[in-house]
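Notes follow once the structure below has been shown.
Numbering (the numbering used here), first residue to last: 528 to 840.
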């Protein structure tokens, strides 16, 4: 079956244009990547509310903080290698500490950057920013999810980090998607194992579950698009229902979704948790799909982990 492909960056641009039309407080900041990120479309329509600060990402965060203090709702966008990559201190002290209404929406997260190589493939950004108090952390699965969750961030006061992918991705949700910050989505019911994923790995989880069903393994698939605040209620319910969890993420398993899920179940309802993701390693230059295979971010790795977990019980 041919899947409809869509761009998170295009969806983000659409969401900004919609928000800009109904809220004069919305402003957008960029750092010389606005054409790539597609925020240049907002600049074309609302030039008085768009600020390109150049290659000065740390300064951009400070400006966004000032705009928030002045009553604006700034959306700050560039590549995740630069924000949060180059300015974690400013995010912590200028935005999170005073709990300001700044939305950081960065693209080009994870291995999907492909040929740009390890220096631009952020595999640790989610872990780093998840640890900062007050920050909400969101990783959408597709374009419809991006539109919905960016809109939800606008409705929700306080700092956000929303991580987008560079590559076009299969559509998981119909448009418009009915998503809420902090509420995970059960995409497929199952009883033998739960597969909890975020970002581009949600589609891989769905494909894995379909293959597992042919083997007689019933896999529940959950899109945990919000890593913080995590939907602990849904995770604990699926832990009790299935007795075991596989997590899947396009980032390091250290401090990311897998860690968040393991923390939750270990405290309240311990079950086996197996994490699919990068294992304490940087990426490298290569084509996106080839990198995903090399680093084990595939339906096949999810299937293997699921089989092993089910067999162990």
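Note that CB positions come from ideal geometry on N, CA and C, so glycine has one too.
Distance between residue j and residue i (C-alpha atoms, nearest Å)
{"i": "residue 681", "j": "residue 545", "result": "11 Å"}
{"i": "residue 530", "j": "residue 757", "result": "29 Å"}
{"i": "residue 548", "j": "residue 709", "result": "26 Å"}
{"i": "residue 588", "j": "residue 635", "result": "18 Å"}
{"i": "residue 584", "j": "residue 691", "result": "18 Å"}
{"i": "residue 578", "j": "residue 819", "result": "35 Å"}
{"i": "residue 559", "j": "residue 642", "result": "20 Å"}
{"i": "residue 777", "j": "residue 599", "result": "32 Å"}
{"i": "residue 721", "j": "residue 755", "result": "19 Å"}
{"i": "residue 574", "j": "residue 568", "result": "10 Å"}
{"i": "residue 557", "j": "residue 595", "result": "16 Å"}
{"i": "residue 765", "j": "residue 824", "result": "23 Å"}
{"i": "residue 723", "j": "residue 740", "result": "16 Å"}
{"i": "residue 586", "j": "residue 580", "result": "8 Å"}
{"i": "residue 742", "j": "residue 827", "result": "13 Å"}
{"i": "residue 714", "j": "residue 725", "result": "12 Å"}
{"i": "residue 620", "j": "residue 539", "result": "26 Å"}
{"i": "residue 648", "j": "residue 840", "result": "37 Å"}
{"i": "residue 590", "j": "residue 767", "result": "46 Å"}
Proximity to residue i [Cα-Cα], best of the options
{"i": "residue 737", "options": "748, 727 and 773", "result": "748"}
{"i": "residue 661", "options": "652, 638 and 629", "result": "629"}
{"i": "residue 507", "options": "593, 698 and 683", "result": "Any property of residue 507 remains undetermined from this structure, which presents the chain solely from 528 to 840."}
{"i": "residue 646", "options": "725, 608 and 535", "result": "608"}
{"i": "residue 799", "options": "806, 808, 807 and 789", "result": "789"}
{"i": "residue 813", "options": "838, 822 and 613", "result": "822"}
{"i": "residue 502", "options": "693, 745 and 705", "result": "No answer is possible for residue 502: the residues shown for the chain start at 528 and end at 840."}
{"i": "residue 570", "options": "765, 541 and 620", "result": "541"}
{"i": "residue 612", "options": "626, 652 and 631", "result": "652"}
{"i": "residue 631", "options": "685, 723 and 786", "result": "685"}
{"i": "residue 785", "options": "762, 676, 839 and 679", "result": "762"}
{"i": "residue 769", "options": "779, 787 and 797", "result": "797"}
{"i": "residue 618", "options": "648, 725, 644 and 663", "result": "663"}
{"i": "residue 674", "options": "809, 787, 725 and 543", "result": "543"}
{"i": "residue 838", "options": "712, 713, 719 and 538", "result": "719"}
{"i": "residue 565", "options": "537, 767 and 677", "result": "537"}
Outcome for residue i when other beta-carbon atoms lying within 10 angstroms are tallied against a minimum of 16
{"i": "residue 509", "result": "Outside the modelled stretch of the chain, which goes from 528 to 840, sits residue 509, for which no answer is possible."}
{"i": "residue 562", "result": "exposed"}
{"i": "residue 582", "result": "exposed"}
{"i": "residue 601", "result": "buried"}
{"i": "residue 616", "result": "exposed"}
{"i": "residue 597", "result": "exposed"}
{"i": "residue 637", "result": "buried"}
{"i": "residue 751", "result": "buried"}
{"i": "residue 705", "result": "exposed"}
{"i": "residue 832", "result": "buried"}
{"i": "residue 644", "result": "exposed"}
{"i": "residue 679", "result": "buried"}
{"i": "residue 787", "result": "buried"}
{"i": "residue 711", "result": "buried"}
Sub-8 Å separation of residue i and residue j beta-carbons
{"i": "residue 606", "j": "residue 656", "result": "no"}
{"i": "residue 572", "j": "residue 555", "result": "no"}
{"i": "residue 486", "j": "residue 623", "result": "Any question about residue 486 goes unanswered here, given that the chain covers just 528 to 840."}
{"i": "residue 729", "j": "residue 639", "result": "no"}
{"i": "residue 665", "j": "residue 753", "result": "yes"}
{"i": "residue 667", "j": "residue 532", "result": "no"}
{"i": "residue 807", "j": "residue 829", "result": "no"}
{"i": "residue 775", "j": "residue 707", "result": "no"}
{"i": "residue 801", "j": "residue 836", "result": "yes"}
{"i": "residue 815", "j": "residue 735", "result": "no"}
{"i": "residue 627", "j": "residue 592", "result": "yes"}
CB-CB length for residue i against residue j, believed under 8 Å
{"i": "residue 792", "j": "residue 772", "result": "7 Å"}
{"i": "residue 633", "j": "residue 604", "result": "7 Å"}
{"i": "residue 650", "j": "residue 779", "result": "5 Å"}
Proximity test, residue i beta-carbon vs the ligand ZN heavy atom, cut-off 7 Å
{"i": "residue 675", "result": "This structure lacks the ligand ZN; in fact it carries no ligand of any kind."}
Below-8 Å beta-carbon distance, residue i vs any chain B residue
{"i": "residue 601", "result": "Absent from the structure: chain B. Only one protein chain is present."}
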